[in-house]
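Worksheet: one structure, shown below.
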Amino acid sequence: MNRTYELMFIVRPDMAEEDLDKLISTLETAVSATAGTVRSVERMGKRRLAYTVRRFHDGVYVLLTVEGGGGLIHELERRLRVTEPVLKFLTVRIDEEQKRLDKIKKIRDARKKAVPAPAATPEGGETTAVTA
Amino acid sequence: MAEETRATTAPTAEPAAPSEGHSHRPGPRGPRPGGGPGGPREGGRKYFRRKKVCKFCVEKIESINYKDVRLLAQFVAESGKIVPRRLTGVCTPHQRRLSSAIKQARNIALLPFAGRAN
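If you read the protein sequences in the order shown, they are chains A and B. Those letters in the first sequence? Residues 216 to 347, per my numbering, in order. Those letters in the second sequence? Residues 135 to 252, per my numbering, in order.
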């Protein structure tokens with residue numbers, strides 16, 4: 216079962232850079248241990264929170280894109296939950312949405328191609344008419 | 135008085151809105167694509183209402199993502215509430231995606247549940 220998920224989590228702003236590196240690498244090893252793959256890790260940096268969370272006004276956002284099954288997500292969420300500096304996390308499944316977007320894009324591209332094609336054929340007909 | 139209504143643009147048209155008998159409150163700052171919501175456009179007695187259009191359909195925005203705070207913030211009132219469809223003109227399928235995206239963004243502290251983001 217291969218699905219794509221996006222895991223966004225917030226760690227406290229006073230967390231040391233090395234600790235964050237360590238946390239991310241442990242998550243990565245957890246992913247590979249559960250037969251999943253890490254697509255990308257994006258550090259979105261420090262951001263102001265929309266509301267206070269555990270008396271913090273800021274947080275460091277990290278976005279992790281992984282491929283794998285539900286068991287993997289279960290494991291990752293458990294790890295995030297027990298990791299003390301993690302303030303919040305959110306997991307979103309993105310493969311179906313991506314599929315929908317690809318489909319729309321395909322239809323749009325096809326339509327774009329279809330529009331110039333009929334315009335070209337009358338021209339061709341005209342030229343033949345002129346030559347005849 | 136009549137001149138005032140004629141000269142109105144979006145912000146000044148706002149106070150006139152509740153008097154139409156609609157139940158919406160004047161509070162939320164609605165992102166209205168295409169100017170005033172139902173404000174009187176012409177000096178005549180009849181109200182001319184500009185047809186509201188769905189921003190997502192017009193601009194062909196397909197993905198409504200919870201990370202896109204700038205986009206979502208246009209559809210959140212200052213109180214933090216999701217602005218209803220009847221004020222924004224967003225079509226039903228897009229409003230559905232929009233509201234779920236806003237709720238996701240709230241969960242990860244990108245948007246406030248209530249009140250302004252501080």
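Just so you know, even glycine gets a beta-carbon here, dropped at the ideal spot from N, CA and C.
For a cutoff of 9 Å on Cβ pairs, would you count residue i as touching chain B?
i	result
residue 292(A)	no
residue 329(A)	no
residue 274(A)	yes
For residue i, which of helix, strand or coil comes out of DSSP?
i	result
residue 190(B)	helix
residue 215(B)	coil
residue 238(B)	helix
residue 261(A)	strand
residue 169(B)	Reliability fails at residue 169(B), whose pLDDT of 45 lies under 50, so the model's placement of it is uncertain and no value is given.
residue 349(A)	Examination of residue 349(A) is not possible in this model, given that chain A is present from 216 through 347 alone.
residue 273(A)	strand
residue 78(B)	This structure cannot settle anything about residue 78(B), because the visible part of chain B is limited to 135 through 252.
residue 282(A)	strand
residue 159(B)	Unreliable positioning characterises residue 159(B) in this predicted model, as indicated by a pLDDT of 46, which lies under 50. A coordinate reading is not provided.
residue 306(A)	strand
On the CB-based measure, 16 or more other CB atoms within 10 Å of its CB, does residue i come out buried or exposed?
i	result
residue 250(A)	exposed
residue 267(A)	exposed
residue 247(B)	exposed
residue 231(A)	exposed
residue 249(B)	exposed
Quick one: does residue i have its CB under 9 Å from some CB of chain A?
i	result
residue 174(B)	Residue placement at residue 174(B) is flagged as unreliable, the pLDDT there being 46, under the threshold of 50; a coordinate-derived value is accordingly withheld.
residue 246(B)	yes
residue 229(B)	no
residue 240(B)	yes
residue 213(B)	no
Can you tell me whether residue i sits near the ligand PLP, meaning its C-beta is under 8 Å from at least one heavy atom of the ligand?
i	result
residue 202(B)	Among the ligands in the structure shown, none appear at all, so the ligand PLP cannot be discussed.
Would you call the segment 223–233 of chain B and the segment 288–300 of chain A in contact, with 3 or more CB pairs under 8 Å? no
Pair every Cβ in the segment 314–330 of chain A with every Cβ in the segment 240–256 of chain A, then say whether three or more of these pairs are closer than 8 Å. no
Touch test, the segment 273–288 of chain A against the segment 206–220 of chain B, Cβ-Cβ under 8 Å, three pairs minimum: no
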